[in-house]
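**Student:**
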Amino acid sequence: MRALAEHVIHFHATDATRDVALGRGLEVPLGQGTAEIPELLATLEERQYRGYLTVARHDSRSPIEDVKQAMTFLRNL
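Shown next, in the form of structure tokens:
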């Protein structure tokens with residue numbers, strides 16, 4: 006991220022975990038996966054990023070609640 010941060014124009018805040026059995030990643034609510042969101046955002050802040058930050062849930066039974074939780078998670082950072 007440090008090498009590319011100055012080129013970022015849009016940050017899509019998504020989180021996932023690895024499903025070893027399926028051999029792929031699984032989308033999970035923001036803050037509950039392995040993405041290092043606090044560190045990624047800190048790097049962008051160091052580079053004075055002022056672009057968009059998008060929160061979305063694609064594989065969810067309650068996407069509205071998940072997005073609300075994600076916004077709370079981000080605000081608490």
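Numbered per my numbering, the sequence shown spans residues 6 to 82.
Positions of the beta carbon are idealized from the N, C-alpha and C atoms, including for glycine.
Just so it is clear, the structure is predicted and the values come from calculations on it, not from any experiment.
(1) Less than 8 Å between the beta carbons of T22 and V13, yes or no?
(2) If you measure between the beta carbons of T59 and H17, is that distance less than 8 Å?
(3) DSSP on V33, reduced to helix/strand/coil?
(4) Taking just the CA atoms, how far does V72 sit from R66?
(5) Taking the alpha helix (DSSP H) that R62 belongs to, which residues open and close that run?
(6) What three-state label does DSSP hand R7 in the structure shown?
(7) Can you look up L58 in the DSSP assignment and give me helix, strand or coil?
**Tutor:** So, from the data block:
(1) Taking 8 Å as the cut-off, the beta carbon of T22 is found no closer than this to the beta carbon of V13.
(2) Yes, these two residues count as a Cβ contact at 8 Å.
(3) V33: strand per DSSP, three-state reduction.
(4) 12 Å
(5) R62 -> no alpha helix (DSSP H), and no H or E assigned at all.
(6) coil
(7) strand
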